[in-house]
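Take the sequence shown: its letters are residues 1 to 431, numbered as in my numbering.
Built from N, CA and C at the ideal position, the CB exists for glycine as well.
Small disclaimer: the values here were computed from a predicted structure and weren't measured.
Reading through the structure tokens given below for one structure.
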Amino acid sequence: MLTTRPRGTSDILPGEVEKWQYLEQVIYRLCREYGYSEIRTPIFEHTELFERGVGETTDIVQKEMYTFLDRGGRSITLRPEGTAAVVRAYLENKLYAGLQPVKLYYTGPMFRYDRPQAGRYRQFTQFGVEVLGSHDPALDAEVITMAMDFYGRLGLKNLNLLINSVGCPRCRPVLREKLQDFFRARVDRLCSHCRGRLERNPLRILDCKEERCREAGKDAPTSLDYLCPDCEAHFQAVLKQLEKLGVAFTVNRSLVRGLDYYTNTAFEITVQGIGAQNSIGGGGRYNGLVKECGGPDIPGIGFALGLERVLLTMEQQGIVIPRPPKLDVFLAAADEAARDRALVLVQRLRQEGLAVDMDYLGRSLKSQMKYAGKLGVGLVVILGSDELERGVVTLRNMSAGSQREIPLDRLAGEVRQHGLKHVSGEGKYGN
Ligand SMILES: [Zn+2]
Ligand SMILES: [Zn+2]
């Protein structure tokens, strides 16, 4: 147990972590360009928040949450998703009293007690955005475009954007009635869960993962058939904006949200995988959620996507992630006297903004060179006491196998020059 990590978690080691740093850089830049500010909420919250904000009857809350009593006897849950906590923070910090809309993004670990499988972990990482305070369809289009732009910047291909409108509390009662009529005639084909849902919330039958329920719900009435005029106009406006932005989409009537606080736009992004379409992200409007969490009646919209899944898809598509060189230069000491001066020189180069390292294991010059080669360093400074006496060092270009003497005071400039020439095209992540 001592040297085994818990099931469904992972160590991200050097060599792998650079991919995450790359994703994070793309995220920071994307969000800045779209006018979103980062929010960081706690990794755990009061359990009630997720029961309310994610929905007590959802699979996440019923089966997948990491919930425990803390030493004070309070029920605490490791966050299974980001939206509820962002809404909680929005309310607690009265962000609704400031400039609207509030455009936020987050990235960080989430926790679900799920059966671990490829691209699915018990601790996983999500990137998401939430916008609170506007019902403008242009914002729906922006949020969707932003998600697609993120995948596009990573070079992902074969994506499908599915979009639907799930209506609002005004048009939903009509749909609910139609669904009840439809499923009452097919009640014997439903799973026991869905039979219970039939009277309480027939919309959730459309969410059921059981094959028999999916089959039974194939030709069920859909929200699009019963949108009220406002919802219809909102939906058409979102689609029109997407068209103007050149974002391709498919209207998918079976994209549903089983909980009441989800309204209007629902979307999902799938990618053509091996033999199947896999979801790699999604989102939508939740105009009823802030109120559900005890706040004012404020509309919201967002998306969330799992970054492990994104990395896995990039790998499947053979996308190469650019990797900056680990070190600009390695400093090798040729003798004891030079070794004595190495650290000061290394430190001076670091102050110049260069990435530099040296040997700390008393290696011979030959094995220092071998070590630098294994680190993949393109440039090595060889420090000898005779040369230092004359105010020069030897600069060795590892890939060319050539070396020359340069004045010590020109060292930083020479290293930087070499970096500019060689940084492009070097060091890529393959598969
Ligand atoms: Zn409506
Ligand atoms: Zn069912």
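Would you mind working out which of L13, E308, D409, A400 sits nearest E387, comparing C-alpha positions?
Residue D409 is the option with its Cα nearest to E387.
For H234, which residues from the same chain have a beta carbon less than 6 Å from its beta carbon, with the 5 sequence-adjacent residues on both sides left out?
Taken in chain order, the residues that qualify are P137, N264.
Same chain only: Cβ atoms within 6 Å of T394, ignoring 5 sequence neighbours per side
Once the five neighbours on either side are set aside, the close Cβ partners of T394 are I382, Q403, E405.
Inter-residue CB distance, T83 and G302 (contact presumed, cutoff 8 Å)
Taking the Cβ atoms as the reference, T83 lies roughly 6 Å from G302, within the contact range of under 8 Å.
Supposed contact pair Q180 and S134 - C-beta distance, whole angstroms, cut 8 Å:
At roughly 34 Å, the Cβ-Cβ gap does not stay under 8 Å, so S134 and Q180 are not in contact.
L23 and A147 - do their beta-carbons sit closer together than 8 Å?
Contact annotation: A147 and L23 have beta-carbon atoms that are not nearer than 8 Å.
Would you call the region 329-349 and the region 285-297 touching, i.e. three or more CB-CB distances under 8 Å?
Touching, no.
Using 7 Å as the cut-off, classify the Cβ of L190 as near or not near the heavy atoms of ligand 2, replying yes or no.
At least one heavy atom of ligand 2 is nearer than 7 Å to the Cβ of L190, so yes.
Counting C-beta neighbours from all protein chains within 10 Å, is the total for P80 16 or more, i.e. buried, or is it exposed?
P80 should be labelled buried.
I'd like to confirm the pairing. Which residues does DSSP put opposite H46 in its beta bridges?
According to DSSP, residue pairing for H46 in a beta bridge involves I76.
If you draw a straight line from the C-alpha of N201 to the C-alpha of N160, how long is it?
Computed Cα separation, rounded: 29 Å.
Can L331 and V356 be called in contact, C-beta distance under 8 Å?
Yes, they are a contact pair.
For F249, which residues does DSSP report across the bridge?
Residue pairing by DSSP places F249 opposite no residue, since no beta bridge is assigned to it.
Within 7 Å: the Cβ of E210 and any heavy atom of ligand 2?
The answer is yes for E210.
Is G430 buried or exposed, if buried means 16 or more other CB atoms sit within 10 Å of its CB?
With a pLDDT of 38 at G430, under the threshold of 50, the predicted position of this residue should be treated as unreliable, though the coordinate-derived value follows. G430 comes out exposed.
Is the distance from the Cβ of R204 to the Cβ of G258 below 8 Å?
With respect to G258, R204 sits close: the two C-beta atoms are nearer than 8 Å.
CA-to-CA distance, S165 to K447, given in whole angstroms
Since the displayed the chain opens at 1 and closes at 431, residue 447 lies outside it and no answer follows.
Kindly give me the distance between the Cβ atoms of R186 and A216, rounded to whole angstroms, as I take these residues to be in contact under 8 Å.
By a beta-carbon distance limit of 8 Å, R186 contacts A216. Their separation comes to about 5 Å.
Taking all protein chains shown into account, decide if V17 is buried (16 or more other Cβ within 10 angstroms of its Cβ) or exposed.
Classification for V17: exposed.
Of the residues T145, Q368, L49, the one placed nearest K244, counting alpha carbons only:
Nearest of T145, Q368, L49 to K244, Cα basis: T145.
Closer than 6 Å is what we want: which residues have a beta carbon that near any heavy atom of ligand 1? List them in chain order.
Qualifying residues, in the order they occur: G167, C168, R170, C171, L227, C228, D230, C231.
Helix, strand or coil, according to DSSP, for Q100 in the structure here?
It is coil, neither helix nor strand.
Please identify the residue among S10, Y151, R195 whose C-alpha is closest to the C-alpha of P109.
Cα-wise, what sits closest to P109 is S10.
Do the region 93-107 and the region 28-43 touch if we need at least three Cβ pairs shorter than 8 Å?
Counting Cβ pairs under 8 Å, three or more are found: they touch.
Range covered by the beta strand (DSSP E) that runs through E268:
Unbroken beta strand (DSSP E) run through E268: 263-272.
Within a Cβ cutoff of 6 Å, which residues of the same chain sit near D359, ignoring the five residues on either side of it in sequence?
Cβ neighbours of D359 beyond the five flanking positions: Q368.
On the premise that D219 lies in contact with L30, defined as a C-beta separation below 8 Å, what is that separation, rounded to the nearest angstrom?
The distance from the Cβ of L30 to that of D219 is about 40 Å, inconsistent with a contact at the 8 Å cut-off.
Determine the DSSP secondary structure at E38, reduced to helix, strand or coil.
DSSP places E38 in the strand class (E or B) of the three-state scheme.
Contiguous beta strand (DSSP E) assignments of at least 3 residues, all confined to the region 147-184
Within the region 147-184, the complete beta strand (DSSP E) runs of at least 3 residues are 159-165.
Is H193 near ligand 2, in the sense that its beta carbon is under 7 Å from a heavy atom of that ligand?
Correct: H193 has its Cβ closer than 7 Å to ligand 2.
Range covered by the beta strand (DSSP E) that runs through D357:
According to the DSSP assignment, D357 belongs to the beta strand (DSSP E) that extends over 356-358.
Where does N431 sit, in a helix, a strand or coil, going by DSSP?
Residue placement at N431 is poorly supported in this model, since its pLDDT is 34, which falls under 50; the coordinates still yield a value, given next. Coil.
Over what stretch of residues does the beta strand (DSSP E) that includes T394 continue unbroken?
Unbroken beta strand (DSSP E) run through T394: 392-397.
Does the structure place the region 85-93 close enough to the region 64-72 that three or more beta carbon pairs sit under 8 Å?
Not touching, per the Cβ criterion.
Going by the C-beta, is I205 closer than 7 Å to any heavy atom of ligand 2?
Under cutoff, so the answer is yes.
For a test of your reading of the model: does the CB of C213 fall under 7 Å from any non-hydrogen atom of ligand 2? Yes or no.
Indeed, a heavy atom of ligand 2 lies less than 7 Å from the Cβ.
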